[in-house]
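Reviewing the structure listed below.
This is the structure we're talking about:
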């Protein structure tokens, strides 16, 4: 699939602090893309460079093959983690106001607002005040505000923050609706289970550098030396008796077995069937949280020393 957004060798410093370090990755057209990193990794700086609000010291951002400048802000929609809705305004008036800020006529802004409200099942709330809406519906209105000017790329910062499970599921559906409408969606979140279930591709950064990038299915693909199985057998001593088993652990009824060689899986399956009903037997897949932790875990001794000397309050930029 073609890339709509390309970050090419971005570097950016604030004084002596290097916030971005030769950062490069591509965002495919028409996908939900996860942009991840620990606090202070450079995510916020990257977003500001993407919008054209910050100029990189070197490198460039390209949207649709053209270099992004300040004039390209109209092509991006942004929903910040800190929401900015006026609680006393009605939903429709609020959205028309944001549309006007983006240069739309009043009638055009109203038409677009009602279109997206209808798509998200909120057109009946157009005359309600923001303060009367649930948090989940307020999030939807905030999304419409980010979409009102018809951007190519929508960037969401912690879109699930503060939502209960029902509202979270609803927000995930809305995000896929946006992609179906032809938009490209980038979102940043610390809720990695949600990122794993929603995103096709992710980029993980640490200290302004790319440390992992690719399809979620590829990044989380396990090796052929770990098996997860669910069995009716309460006594698991038989697992250790299988030749070629390095070790095993059990948690909440799921048994994780580490093998010395891939072919041992067949012997393990035969032994499992001989000792009870086998409800599940699969090569273990990594969680995205494991991939994330492995990617950001490596630290040099010099980094440790610097972190000991520097208070978080002294950081030039936190992302």
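Residue numbers (our numbering): 4 to 322. Cβ coordinates follow ideal geometry from the N, Cα and C atoms, glycine included.
Who are the near neighbours of residue i in its chain, counting only those whose CB is closer than 8 Å to its CB and skipping five residues on each side?
i, result
"residue 97", "88, 89, 133, 144 and 148"
"residue 131", "93 and 94"
"residue 239", "251, 253 and 258"
"residue 32", "4, 5, 6, 7 and 187"
"residue 129", "93, 94, 95, 116, 117 and 120"
"residue 107", "115, 151 and 152"
"residue 126", "117 and 120"
"residue 91", "132, 133 and 134"
Nearest by alpha-carbon distance to residue i: which of the options is it?
i, options, result
"residue 64", "6, 33, 20 and 110", "6"
"residue 56", "73, 106, 107 and 84", "73"
"residue 30", "206, 59 and 170", "206"
"residue 54", "37, 44 and 79", "79"
"residue 105", "85, 75 and 48", "75"
"residue 1", "194, 158 and 28", "As displayed, the chain neither begins before 4 nor continues past 322, which places residue 1 out of reach and without an answer."
"residue 122", "171, 107, 136 and 182", "182"
"residue 82", "48, 163 and 109", "163"
"residue 61", "67, 69, 52 and 68", "52"
"residue 215", "109, 151, 294 and 153", "294"
"residue 230", "85, 199, 265 and 296", "265"
"residue 112", "152, 244, 179 and 142", "152"
"residue 246", "24, 271, 71 and 228", "271"
"residue 59", "124, 276, 39 and 24", "24"
"residue 2", "255, 235 and 179", "The structure shown does not extend to residue 2, since the chain spans only 4 to 322, so no value can be given for it."
"residue 244", "275, 255 and 256", "275"
Can you have a look at residue i and say buried or exposed, based on whether 16 or more other CB atoms are within 10 angstroms of its CB?
i, result
"residue 160", "buried"
"residue 197", "buried"
"residue 22", "buried"
"residue 285", "exposed"
"residue 269", "exposed"
"residue 300", "exposed"
"residue 184", "exposed"
"residue 237", "exposed"
"residue 19", "exposed"
"residue 273", "exposed"
"residue 116", "buried"
"residue 15", "buried"
"residue 168", "exposed"
"residue 43", "buried"
"residue 332", "What is shown of the chain runs 4 to 322, which leaves residue 332 out entirely."
"residue 135", "exposed"
"residue 192", "buried"
"residue 157", "buried"
Who pairs with residue i in a beta bridge, going by DSSP?
i, result
"residue 3", "For residue 3 there is no data in the structure shown, the boundaries of the chain being 4 and 322."
"residue 208", "213"
"residue 16", "21"
"residue 285", "231"
"residue 132", "93"
"residue 111", "Partner(s): none; residue 111 has no beta bridge."
"residue 158", "81 and 189"
"residue 252", "259"
"residue 38", "206"
"residue 218", "204"
"residue 183", "BP columns for residue 183 are empty, so no partner."
"residue 70", "65"
Is the beta carbon of residue i sitting closer than 9 Å to the one on residue j?
i, j, result
"residue 289", "residue 186", "no"
"residue 213", "residue 8", "no"
"residue 37", "residue 209", "no"
"residue 233", "residue 281", "yes"
"residue 13", "residue 49", "yes"
"residue 292", "residue 199", "yes"
"residue 262", "residue 249", "yes"
"residue 86", "residue 142", "yes"
"residue 67", "residue 211", "no"
"residue 242", "residue 219", "no"
Using a Cβ-Cβ cutoff of less than 7 Å, which residues in the same chain neighbour residue i once the five nearest sequence positions on both sides are dropped?
i, result
"residue 138", "165, 166 and 170"
"residue 146", "82 and 177"
"residue 10", "26, 27, 28 and 64"
"residue 109", "99 and 103"
"residue 173", "139"
"residue 217", "204"
"residue 227", "265 and 286"
Within its chain, find whatever has a CB closer than 6 Å to the CB of residue i; leave out the 5 residues flanking it on each side and keep chain order.
i, result
"residue 201", "35 and 175"
"residue 190", "159 and 162"
"residue 101", "148 and 151"
"residue 71", "55 and 64"
"residue 308", "With a pLDDT of only 38 at residue 308, under 50, the local geometry of the prediction cannot be trusted, and the value read off the model is given with reservation. Excluding positions up to five away in sequence, the list is empty."
Any beta carbon of chain B sitting closer than 9 Å to that of residue i?
i, result
"residue 228", "Here chain B cannot be found, since the structure has a single protein chain."
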